[in-house]
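Student: Going down the list, the sequences are from chains W and S. For the first sequence, my numbering begins at 3 and goes up steadily by one. For the second sequence, my numbering begins at -10 and goes up steadily by one.
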Amino acid sequence: MQFLSQLKAGQRAIISAIEADEFLFHRLSALGFRVGRPLSIMRQANFGGPIQVRLGTTDVILRASEAQRIHINAI
Amino acid sequence: MKRIALLGMPNTGKSTLFNRISGASARVGNWPGITVDLLSAKILLGGHIVELIDLPGIYDLHGFSEDEQVVRHFLTHNPVDLLVVLLNSTQIDRQLSLLLQLKKLGFPIVLALNMADEAKRAGITINTESLSTALALPVIQISAKYGDGLPKVLQAATEIINQQQAKTNPQSIALLLQEENEIEHEMQALVQRHVQIPATLNDDTTDKIDKLLLHKWLGLPLFFGAMFILFQLIFTVGAPIQEGLAWILDLFRAQLLDPLFAGTPHWLSGLMLDGIYNGVATVAAFVPIIILFFLVMSMVEDSGYLSRAAFLMDAIMAKMGLDGRSFVMMLMGFGCNVPAIMGTRIMRSRAIRLLTMLVIPLSLCSARLQVFIFIIAALFAPKHAALALFALYVMSFFTMFLTAVLFQNQYKNTEPFILELPPYRFPTFRQIVLRGSHEVKHFLNRASKFIILGVMLVWFLSNFPSTAAPASLDTYAGKIGLFFAPLLDPIGINHELAIALIFGFVAKEIVVGALAVIYGLQGDALMAQMASQIDWVQAMSFMLFTLIYTPCLSTIATIRNESKSTAFMWLSIAWSLALAWIVSFVFYQSARYLGF
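1. Going by beta carbon distance, what residues of the same chain come within less than 6 Å of GLY12(W), once the five residues before and after it are set aside?
2. Would you call the stretch 310 to 322 of chain S in contact with the stretch 526 to 537 of chain S, where contact means no fewer than 3 C-beta pairs closer than 8 Å?
3. Could you check which residue in GLN80(S), LEU164(S) and ALA145(S) has the C-alpha nearest to that of GLY95(S)?
4. Taking only beta carbons into account, state which residues of the stretch 34 to 58 of chain W come closer than 7 Å to chain S, listed in chain order.
5. Can you tell me the Cβ-Cβ gap for ILE330(S) and MET346(S), rounded? I've got them flagged as a contact below 8 Å.
6. Tell me the rounded alpha-carbon separation between THR253(S) and THR456(S).
7. Taking LEU89(S) and PRO127(S) to be in contact with their CB atoms under 8 Å, please state how far apart those CB atoms are, rounded to whole angstroms.
8. Against chain S, with Cβ distances strictly below 8 Å, would ASP61(W) count as a contact?
9. Closest by CA to VAL422(S), which one among PHE492(S), TRP448(S), ALA546(S) and ASP291(S)?
10. Does the Cβ of GLN221(S) have 16 or more other Cβ atoms within 10 Å, making it buried, or fewer, making it exposed?
11. What does ALA15(W) touch in chain S if you count any residue whose Cβ is under 7 Å from its own?
12. Name the chain S residues that come within less than 7 Å of LEU64(W), Cβ to Cβ?
13. Would you mind stating whether ASP61(W) and GLU168(S) have Cβ atoms separated by less than 8 Å?
14. Let me see if you follow: with CB-CB separation under 8 Å, is ILE362(S) close to chain W or not?
15. Quick one: what's ASP61(W) bridged to in DSSP?
16. Give the interface partners of GLN5(W) over in chain S, defined as CB-CB distance under 7 Å, in chain order.
17. If the cut is a Cβ gap below 7 Å, which residues of chain W does ALA304(S) touch?
18. Going by DSSP in three states, LYS31(S) sits in which element: helix, strand or coil?
19. Measure the C-alpha to C-alpha separation of LEU490(S) and VAL500(S) and round it to an integer number of angstroms.
20. First and last residue of the alpha helix (DSSP H) that includes MET3(W)?
21. Using the C-alpha atoms, what's the distance from GLN511(S) back to PHE49(W)?
22. Compare the C-beta of ILE72(W) against all C-beta atoms of chain S and say whether one is closer than 8 Å.
23. Suppose the cutoff is 7 Å on Cβ atoms and the five residues either side in sequence are ignored; what does the same chain contact list for ILE72(W) look like?
24. DSSP has LEU100(S) in a bridge; who is on the other side?
25. Between the Cα of PRO405(S) and the Cα atoms of ARG14(W), ASP23(W) and ARG39(W), which residue gives the shortest distance?
26. Measuring CB atoms only, is the stretch 199 to 212 of chain S touching the stretch 298 to 306 of chain S, in the sense that at least three cross pairs come out at less than 8 Å?
27. Would you mind stating whether ALA393(S) and GLY259(S) have Cβ atoms separated by less than 8 Å?
28. List the residues of chain S that LEU9(W) touches, going by C-beta distances under 9 Å, in chain order.
29. Take PHE25(W) as the anchor and find which of ILE230(S), ARG337(S) and ILE198(S) has the nearest alpha-carbon.
30. From this set, VAL37(W), GLY58(W) and ALA66(W), which residue's C-alpha is nearest ASP56(S)'s C-alpha?
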């Protein structure tokens, strides 16, 4: 099992599961994080900063601690 | 043959439970339409031979992961007599959603809550009896690992199977699932048919700009460089306009108002000209700079660059217990602290909200900017002016960071950080004008409310009792200055400046107006008079104090409203006053010690 936080910039993956409390889950799904959706990693900020993820037409930034709650299959 | 399916979220101990029930009899089954192997076992339950199927763990019936498709396909193609749904007791708040989805589809269900022992240790207690009544299905706490509660599950399963006459109808379940999925599907179909989205967004412009502005090493220097240039631009363009306007307002008084009031009683011309006109005109001269400032701010805000700043700064902010959004609010505070504090509403955790609210009042807002421009113009050589202002901005950041670091343990942050990154937008001219005029209206409304009243009061304090010479130590203002002297002398603030500071508590716009009234002068004459009375070290100490202590009454009221805590409001006031005094003291005393 792989987490979104383990991906490198430029990699693509499909979301396989989201493990989060209700608030985070709804926030994520509102921003387009749904199981089965493809995403790509644009970049990560320096000093272990947030990662920039592109889902369809939306760009989202989130911390590694949040990215760890998103299971993915790399493609 | 009866059929029971075991279903649950991943990592709830489903396989452990399956192995415990089935013993060694499990075999790999072959199911219509499913390419993944499913484990099944035949067990004896209440005199029947029952087939038990272990379905893959899923989070959501509507998901599109392979496992979720398998489960969906199984349930819509194979009739079952019962579902045993296994949930993790320690995560029951989240996992119940899956149970409710299944219940809505009309499955007969036995709910097994696994990891009862772990939940007990975590202090979670689940009232299974009342939960069972509420759900209208058997709820049993078990430990799959140790086998606790297992007989009860099997007993409940037996009872239901014996009562149950018909199996579930896969077709009707498929129909129900479809109905639930309808919205999602309709949305997808609409998008698929009528919207074309390339696999990767081909908004090249945003990507190209981001490549540079979000660069690993260049991103932050570029951001601060851009901010410095913008402020520099406001200063170089705005300062001459302000001086010109001050000159015109001075001329207006000398040519028109002075002759007009020549015949009126001394106190009336004093109040109208030295009081209200001088005070208001001095503040009014800054309006062009404020307009310019807000125009630039609204352009930066609408461009989408602020979210990038959040991205770049988040790692650093995290070390101070804040996040990237806090940094954006701090930047917004450079316009006006009040909307920045209200902006913390986007944060859900109270801790990070309070910490951000404690930090925002230290950002150098536009009202303080005019005080600094005024004093720097009066007391610093033009070639040092930009440096002095820059130092104040650096100091503003420094005090914010210091405050966050010192208080971060009081306000532990657990808030997740997720933010949408909008594409770069070039704001239209109309947008800029609308936003700018809105901000300017807000500023003028605020300023006019306090300034006229404020300068009248300052005029009264520094001109009465009438026996005393104006602005001398015998006036009320002089007495107030003397009263605070023990506190303010060590930081180089004389009694004229002390009065301005006290009124600055109401609103910083009053400070320059108050100075004009106290000295009874305006424009260049006022600046010359101040330069003859105080030196640059005193001026810097005064500006540092003005920067750090409570920004204005509106900010305090907003902090009170947003935090819903009077204690927090007082903490904010006390902390900023203490910090202001300490910083000014350290600066003033060490500058004097070094011989300046």
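The C-beta atom is built at its ideal place from N, Cα and C for all residues, glycine as well. None of these values were measured; they are calculated from a predicted model.
Tutor: In short, the structure shows the following:
1. So no residue of the chain qualifies.
2. Cβ pair count under 8 Å is below three, so no.
3. For GLY95(S), the nearest C-alpha among the options comes from LEU164(S).
4. Hits within the stretch, in order: VAL37, GLY38, SER42, ARG45, ALA47, ASN48, PHE49, GLY50, GLY51, PRO52, GLN54, ARG56 and GLY58.
5. Taking C-beta atoms under 8 Å as the contact rule, ILE330(S) and MET346(S) qualify, at a distance of about 6 Å.
6. Roughly 20 Å between the two C-alpha positions.
7. About 16 Å; that fails the 8 Å criterion.
8. Yes, its Cβ sits closer than 8 Å to a Cβ of chain S.
9. Considering only alpha carbons, the answer is ASP291(S).
10. Exposed: under 16 other Cβ atoms inside 10 Å.
11. Against chain S, the beta carbon of ALA15(W) has no neighbour under 7 Å; the closest one sits roughly 12 Å away.
12. Simply PHE406 and ILE407.
13. Their beta carbons are not under 8 Å apart, which means ASP61(W) does not touch GLU168(S) by this criterion.
14. Chain W contact via Cβ: absent.
15. DSSP, once it has assigned bridges, lists ARG56(W) as partnering ASP61(W).
16. A small correction: the amino acid at residue 5(W) is Phe; Gln does not occupy that position in the sequence shown. Against PHE5(W), chain S offers no close residue; the least beta-carbon distance is about 13 Å (beta-carbon pairs closer than 7 Å).
17. Within chain W, ALA47, ASN48, PHE49, GLY50 and GLY51 have C-beta atoms less than 7 Å from the C-beta of ALA304(S), given in sequence order.
18. Strand.
19. Taking the straight line joining both Cα atoms gives about 7 Å.
20. First-last for MET3(W): undefined, no H or E at that position.
21. Rounded to whole angstroms, PHE49(W) to GLN511(S) spans 51 Å at the Cα level.
22. By this cut-off, ILE72(W) is not an interface position.
23. Once the five neighbours on either side are set aside, the close Cβ partners of ILE72(W) are PHE5, LEU6, ILE17, ILE20 and PHE35.
24. DSSP lists VAL74(S) and VAL128(S) as partners of LEU100(S).
25. Nearest to PRO405(S) by C-alpha distance, out of ARG14(W), ASP23(W) and ARG39(W), is ASP23(W).
26. Taking a cut-off of 8 Å for Cβ pairs, the stretch 199 to 212 of chain S and the stretch 298 to 306 of chain S touch, as three or more such pairs fall below it.
27. Not in contact: ALA393(S) and GLY259(S) (Cβ atoms no closer than 8 Å).
28. Taking a Cβ-Cβ cut-off of 9 Å, LEU9(W) has no neighbours in chain S, whose nearest Cβ is about 15 Å from it.
29. The shortest C-alpha separation from PHE25(W) is found at ARG337(S).
30. Comparing Cα positions, the closest option is VAL37(W).
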